[in-house]
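Residue numbers (our numbering): 459 to 742.
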Amino acid sequence: MIIFVLSSCTGVRVKGFYQALPSQVGKWKAHDKDEFYNRNTLYEYINGGAELYLAFDFQQVFVRRYIGSDNTEIILDIYDMGSAGDAFGIFSVEREDEDIGIGQDSEYGGGLLRFWKGPYFVSIITTGEEQTAKPIMIKLAQAVDRIMDTKGLKPGLLKALPRDGLDETSLRFFHTDSILNRQYFLAEKNILKLDKHTDCVLAKYKGYDNSAYILLIQYQNSVLADDAYHTFLTAYMPEAIESGIVQVENETWTMTKTDGSILIIVLEATQKDFGMNLMAKIKP
């Protein structure tokens, strides 16, 4: 059973579909007042985790709590991430599990359901017994999915990646060095000169007895890309300033080049030829 009610939300910027969210799913009923947090108040809700969202174009989060007969909760968060690209980004940087067919991409694992659709990222978590709550969480997610009548495009930079050998669950989209270092640590300093204006894609590739990472960074123009290229070479692989290719201490290969406003880096290629072939297949 899913019961829908219309509620009035004043004094905050909300989307129309909030008013159509279910007030009850099965025996789980909405309780307490709905909550809203913006860029200035997000720390009040997720102190210690707000930096992740603020590294994207986060606008606002809507929070509704559902309580079951055993007084445990299911908590629904709907994040307005400002754009479809950043909604995909915040979903991607913590993705671990396979898609469960909700929204534009989704996953479920360990009592946490996550999906994105259009400019929105949705998180549903339970404080109760997972097997009891899971079907209710899925019904709630499907209801939210139906209410959202908009879809969005993934970041265009993803199209430059080769598809063969791509580990889809490893795909990450982000902007800043703080997020890069959560995914793949390069250096304490921001040697790639990342900021809110850079689009970054990181992905892992696997071949027969081979593997590597591809990191793509799109800058606002080719001058900025070239500047970051030289800074990266000087700081990370100074012995390869001429060639852009080096074998590092763990005997894997790192290689880099620019293509217009895009900086291309292949990391941890187990074989030089494997890394070179990957780089050749990148089509900015």
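The C-beta atom is built at its ideal place from N, Cα and C for all residues, glycine as well.
Cβ pair residue i, residue j closer than 8 Å
| i | j | result |
| --- | --- | --- |
| residue 714 | residue 720 | no |
| residue 547 | residue 643 | no |
| residue 555 | residue 567 | yes |
| residue 615 | residue 674 | yes |
| residue 514 | residue 497 | no |
| residue 553 | residue 627 | yes |
| residue 661 | residue 625 | yes |
| residue 586 | residue 530 | yes |
| residue 693 | residue 645 | yes |
| residue 403 | residue 541 | Nothing about residue 403 can be reported from this structure: the residues present for the chain run from 459 to 742 only. |
| residue 651 | residue 685 | yes |
| residue 610 | residue 591 | no |
Assigned exposure category for residue i - 16 Cβ within 10 Å defines buried
| i | result |
| --- | --- |
| residue 550 | buried |
| residue 491 | exposed |
| residue 584 | buried |
| residue 735 | buried |
| residue 575 | buried |
| residue 666 | exposed |
| residue 701 | exposed |
| residue 716 | buried |
| residue 544 | buried |
| residue 507 | exposed |
Helix, strand or coil at residue i [DSSP, three-state]
| i | result |
| --- | --- |
| residue 702 | coil |
| residue 686 | helix |
| residue 510 | helix |
| residue 477 | helix |
| residue 576 | coil |
| residue 636 | helix |
| residue 732 | helix |
| residue 527 | coil |
| residue 592 | helix |
| residue 601 | helix |
| residue 546 | helix |
| residue 495 | strand |
| residue 470 | For residue 470, the predicted structure reports a pLDDT of 36, less than 50, and the residue's modelled location is therefore unreliable. A value from the coordinates is still provided. Reduced to three states, the DSSP call for residue 470 is coil. |
| residue 647 | coil |
| residue 551 | coil |
Supposed close pair residue i, residue j - CB separation, criterion 8 Å
| i | j | result |
| --- | --- | --- |
| residue 711 | residue 703 | 7 Å |
| residue 478 | residue 524 | Residue 478 to residue 524, Cβ: 16 Å. No contact. |
| residue 725 | residue 663 | The Cβ separation is near 10 Å, so there is no contact. |
| residue 728 | residue 669 | 6 Å |
| residue 481 | residue 535 | Actually they do not touch by this definition, with Cβ atoms about 17 Å apart. |
| residue 676 | residue 689 | About 16 Å; that fails the 8 Å criterion. |
| residue 521 | residue 503 | 7 Å |
| residue 560 | residue 589 | The Cβ separation is near 19 Å, so there is no contact. |
| residue 629 | residue 532 | With 8 Å as the limit, residue 629 and residue 532 do not qualify as a contact, their Cβ atoms being about 28 Å apart. |
| residue 623 | residue 680 | No, residue 623 and residue 680 are not in contact; Cβ-Cβ is about 29 Å, not under 8 Å. |
| residue 404 | residue 509 | An answer regarding residue 404 cannot be provided, because it is not within the stretch 459 to 742 covered by the chain. |
Contact set for residue i: own chain, Cβ-Cβ below 6 Å, skip 5 residues either direction
| i | result |
| --- | --- |
| residue 537 | 519, 579 |
| residue 612 | 546 |
| residue 620 | 739 |
| residue 691 | 699 |
| residue 573 | 560, 561, 564, 580 |
Contacting residues, own chain, Cβ-Cβ under 7 Å from residue i (five flanking each side not counted)
| i | result |
| --- | --- |
| residue 595 | 532, 571, 582, 584 |
| residue 641 | 551, 630, 660 |
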